[in-house]
Amino acid sequence: MLQRQGKVDTEMVEDVRRFIAENQVTAPIPTACTALSYSARAALPVTHPMAKRLLLLMEKKRSNLCVSADVTDAAELLRLAAELGPSICLLKTHVDILEDFTSDVSSQLRALALQHDFLIFEDRKFADIGNTVKHQYQGGIFRISSWADVVNVHAVPGPGVVRGLQEVGEPLGRGCLVIAEMSSKGSLATGPYTKAAVQLAEDHPSFVFGFIAGGKVSEQPQFLHLTPGVQMQPGGDSLGQQYQTPHDVIINKGSDIIIVGRGILSSSRRHEAADMYRRAGWEAYVARIGGKE
Numbered sequence: 001m002l003q004r005q006g007k008v009d010t011e012m013v014e015d016v017r018r019f020i021a022e023n024q025v026t027a028p029i030p031t032a033c034t035a036l037s038y039s040a041r042a043a044l045p046v047t048h049p050m051a052k053r054l055l056l057l058m059e060k061k062r063s064n065l066c067v068s069a070d071v072t073d074a075a076e077l078l079r080l081a082a083e084l085g086p087s088i089c090l091l092k093t094h095v096d097i098l099e100d101f102t103s104d105v106s107s108q109l110r111a112l113a114l115q116h117d118f119l120i121f122e123d124r125k126f127a128d129i130g131n132t133v134k135h136q137y138q139g140g141i142f143r144i145s146s147w148a149d150v151v152n153v154h155a156v157p158g159p160g161v162v163r164g165l166q167e168v169g170e171p172l173g174r175g176c177l178v179i180a181e182m183s184s185k186g187s188l189a190t191g192p193y194t195k196a197a198v199q200l201a202e203d204h205p206s207f208v209f210g211f212i213a214g215g216k217v218s219e220q221p222q223f224l225h226l227t228p229g230v231q232m233q234p235g236g237d238s239l240g241q242q243y244q245t246p247h248d249v250i251i252n253k254g255s256d257i258i259i260v261g262r263g264i265l266s267s268s269r270r271h272e273a274a275d276m277y278r279r280a281g282w283e284a285y286v287a288r289i290g291g292k293e
């Protein structure tokens, strides 16, 4: 148009055309983190060592299943670890509800984790000032830092809760998850709170490697998402727990690991139930990344 109006000559037009033709740049199509394989995410230079270890373990075992071992008897906890260990990537414990905990229990649990190649996640939900959680983590009767690979925190206390745990856990090669959302009805962990929890995690990448959430809350592929309250049928219980299916959690919500408790523990055939959830979670993951393993 400028040429027709006599404002530029033919030579200038040809120079511009030549410049455009010689400087074509095809913008890369951004890859959503949910489309990346676990191994590809493990290979990212910014991925936390604990996240890398877990992602590669998941690929190796073809399992994104975490079992929530909410039992009150130590022998039962160890039986679950021995029976379900081959099917899981993580065993989630609540040692403070065990009625007969001893240091021998944690030693046996570590041995089973080594034998069956899974990690231990103590669902402690630390939520106090940094100095207090530091002592809760490394001391007391449980000495959590000596045997749990992973712990989690509430974001309520602010960054001090992460820093206190980090002082103890980082030298031991441990990792931490931030609770960004909860599966219970009426949870206050929503909206601005969830956003602040995500920021807390992203501000501490040398210790925090993921989230407890109902689905994907961060677009950064080095962070893992673990979702509790998973059963084969959606629904809830009388105390406000809300259930999602493996397909919904992995494909629709973009999470990485399903956390299953009563769906397995209440079964008379726990091993078969665990393998059913393992297959459901893994098949959903394979479908999410386009069927490429």
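The sequence shown begins at 1 in my numbering and counts up one residue at a time. For every residue, glycine included, the Cβ atom is placed at its ideal position computed from N, Cα and C. Treat the numbers as computed from the prediction; the structure is a model and nothing was measured.
Which residues in the same chain as residue 157 place their Cβ atom closer than 7 Å to its Cβ, once the five residues preceding and following it in sequence are excluded? In the same chain as residue 157, and ignoring 5 residues on each side of it, the C-beta atoms closer than 7 Å to its own belong to 127, 128 and 129, in chain order.
Contact between the segment 216 to 236 and the segment 35 to 51: three or more CB pairs below 8 Å? Contact between the segment 216 to 236 and the segment 35 to 51 is present, because at least three Cβ pairs lie under 8 Å.
Leaving out five residues before and five after residue 247 in sequence, what residues of the same chain have Cβ atoms less than 6 Å from its Cβ? Cβ neighbours of residue 247 beyond the five flanking positions: 284.
Can you find the residues in the same chain that come closer than 6 Å, C-beta to C-beta, to residue 106, ignoring five residues on each side of it along the sequence? Exclusion of the five residues before and after residue 106 leaves 147 as the residues of its chain whose Cβ lies within less than 6 Å of its Cβ.
What's the C-alpha gap between residue 30 and residue 95? Model confidence at residue 30 stands at a pLDDT of 38, short of 50, so the residue's coordinates are unreliable; what they give is reported in the following sentence. Approximately 42 Å, taken between the alpha carbons.
Local conformation of residue 64 per DSSP, three classes: Residue 64: coil per DSSP, three-state reduction.
When the Cα of residue 265 is compared with those of 230, 287 and 244, which residue comes out closest? Ranking 230, 287 and 244 by CA distance to the CA of residue 265 puts 230 first.
Along the chain, which unbroken stretches of the alpha helix (DSSP H) at least 4 residues long are found entirely within the segment 122 to 148? Look at the segment 122 to 148 and you find these whole runs of alpha helix (DSSP H), each 4 residues long or longer: 130 to 138.
Mind checking whether residue 204 and residue 174 have CB atoms under 9 Å apart? Contact: no.
What residue ranges within the segment 177 to 206 form continuous alpha helix (DSSP H) runs of no fewer than 4 residues, ordered along the chain? List check, alpha helix (DSSP H) in window: 191 to 202.
Name the one or two DSSP bridge partners that residue 69 has. Beta-bridge pairing links residue 69 to 93.
Can you check DSSP and say which residues form a bridge with residue 152? By DSSP's assignment, residue 152 forms a beta bridge with 177.
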